[in-house]
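Asks: My questions will all concern the structure given below.
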Amino acid sequence: MPDLQKLYDAVLSGDRNTAVAVTQEAIATGGDPLELISKYMVPAMDEVGRLFECEEYFVPELLLSARAMKGSLELLRPLLAARGAQPVGRVVIGTVKGDLHDIGKNLVASLLEGGGFEVIDFGADVAPEKFIAAVQEKGANIVALSALLTVTMPAMRTTIDALKQAGVRERIKVMVGGAPVTEQFAAEIGADGYSDNASAAVTLARRLTATAVRP
Ligand code: B12
């Protein structure tokens with residue numbers, strides 16, 4: 749078994765190659781995927797989030813750590829699926845219709861995944877119907893919407909209204925974010941939560957899941 753502290757350090761420092769190599773070695777020597785995630789990778793991402801919040805890390809460091817985490821998760825995900833590990837919750841995430849910015853959304857998706865959520869990521873420019881289908885057909889219990897343009901912020905309201913019209917709003921929680929989005933705007937459009945960064949988004953999703961319908 750490799751020294752798993754190296755996995756923690758690799759995620760923390762955004763060293764994807766080392767994170768992947770240590771994960772491969774751990775898998776080959778019978779390491780427990782859940783333990784790798786919960787004892788080393790998630791704590792490393794929590795630390796990354798903490799460093800980001802106190803402005804010791806900035807967006808580039810966050811992206812590198814998210815990439816390292818993603819590299820390891822790609823190897824571990826099939827093993828977790830095979831043993832039927834229960835996700836904390838199921839999140840469908842996307843940047844709203846008309847908006848092509850996806851860097852922040854990708855960060856949120858990676859950190860949610862690292863936090864134990866199953867994440868269905870529809871990418872950018874996502875129409876309300878796709879979110880509705882994810883709730884109806886895939887049992888998502890959190891809908892996470894991102895917008896980076898003031899002109900696409902109204903699409904968040906449109907999406908929430910469409911979820912209401914489809915009769916699924918009551919069984920899910922909606923969280924919103926993106927640079928121009930504010931707590932006040934989130935409240936105005938009837939979202940359940942807002943956060944201004946990816947690590948706080950995980951805390952928010954955990955809080956919302958506690959009151960959402962299980963997938
Ligand atoms: C990169 C970028 C682009 C890239 C996008 C590439 C990509 N794959 O994402 C490209 C070049 C394609 C682009 C295009 C355009 N862009 Co642009 N872009 C940016 C830029 C420089 C960085 C955005 C970014 O990635 N930030 C870093 C991430 C990490 O931050 P973030 O997205 O805010 O995410 C964090 C939080 O907000 C939060 N979060 C994000 N999403 C979510 C979701 C949830 C649920 C939660 C809880 C939290 C959360 O967590 C994230 C991580 O901490 C910004 C300027 C800036 N400095 O912000 C302009 C900016 C957003 N763009 C702008 C504009 C105008 C455009 C264009 C219209 C330009 C044009 N004339 O063509 C087009 C629009 C295209 C379209 N239809 O979307 C303006 C928007 C102005 C406004 N008020 O609306 C900005 C602010 C630049 C400016 N100062 O004018 N852009």
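Just so we're aligned, residue 749 is where the sequence shown starts under our numbering, counting upward by one.
Where a beta carbon is used, it is the ideal one built from N, C-alpha and C, also for glycine.
Between S894 and F800, how many whole angstroms is the CB-CB distance? I'm expecting something under 8 Å.
Replies: The pair is not a contact, with the Cβ atoms about 17 Å apart (cut-off 8 Å).
Asks: If you run the structure through DSSP and keep just helix, strand and coil, what is A875?
Replies: In this structure, A875 counts as coil in the three-state DSSP scheme.
Asks: Rounded to whole angstroms, how far is the Cβ of A888 from the Cβ of D869, which I believe are closer than 8 Å?
Replies: Rounded, the Cβ-Cβ distance is 11 Å, inconsistent with contact.
Asks: Just the Cα atoms here: how many angstroms apart are R955 and D794?
Replies: Near 16 Å, if we compare the C-alpha coordinates of D794 and R955.
Asks: Does the distance between the C-beta of G938 and the nearest non-hydrogen atom of ligand 1 fall short of 8 Å?
Replies: Because no heavy atom of ligand 1 lies under 8 Å away, the Cβ of G938 does not count as near it: no.
Asks: Here's a check: name, in chain order, each residue in its chain whose Cβ is nearer than 7 Å to the Cβ of D873, leaving out the five neighbours to either side.
Replies: Result list for D873: T843, K845, G846, D847 and L848, in chain order.
Asks: Tell whether a beta-carbon distance below 9 Å holds between G837 and I785.
Replies: Cβ atoms of G837 and I785: not closer than 9 Å.
Asks: Work out the CA separation of V867 and P750 for me, nearest whole Å.
Replies: The alpha-carbon atoms of P750 and V867 are separated by roughly 29 Å.
Asks: Please determine whether the Cβ atom of K818 lies at a distance below 8 Å from any heavy atom of ligand 1.
Replies: The answer is no for K818.
Asks: Please classify A816: is it buried, with 16 or more other beta-carbons within 10 angstroms of its beta-carbon, or exposed?
Replies: It is buried - the Cβ of A816 has at least 16 other Cβ atoms within 10 Å.
Asks: From I841 to K754, what does the alpha carbon distance come to, in whole angstroms?
Replies: So the two alpha carbons sit approximately 31 Å from each other.
Asks: Using the beta carbon as the reference atom, which residues fall closer than 5 Å to any heavy atom of ligand 1, ordered along the chain?
Replies: Counting every residue whose Cβ lies closer than 5 Å to a heavy atom of ligand 1, we get V807, D847, L848, H849, D850, I851, G852, K853, L855, V856, A892, S894, L896, L897, T898, M923, G925, G926, A927, S943, N945, A946 and A949.
Asks: Can you tell me whether DSSP reads P963 as helix, strand or coil?
Replies: Low local confidence applies: a pLDDT of 48 at P963 is under 50, so the model's placement there is unreliable, with the coordinate-based value given in what follows. Coil at P963, not helix or strand.
Asks: Quick one: measure Cβ to Cβ for I880 and A914, integer angstroms, because I've assumed they're closer than 8 Å.
Replies: Yes, they are in contact, since the Cβ atoms of I880 and A914 sit about 5 Å apart, within 8 Å.
Asks: Note down the Cα distance separating P963 from V891, rounded to an integer number of angstroms.
Replies: Because P963 sits at a pLDDT of 48, beneath the cut-off of 50, its placement in the model cannot be relied upon, and the following sentence gives the value as read from the coordinates. Rounded to the nearest angstrom, the two C-alpha atoms are 12 Å apart.
Asks: So, helix, strand or coil for V844, using DSSP?
Replies: The answer is strand: DSSP assigns V844 an E or B state.
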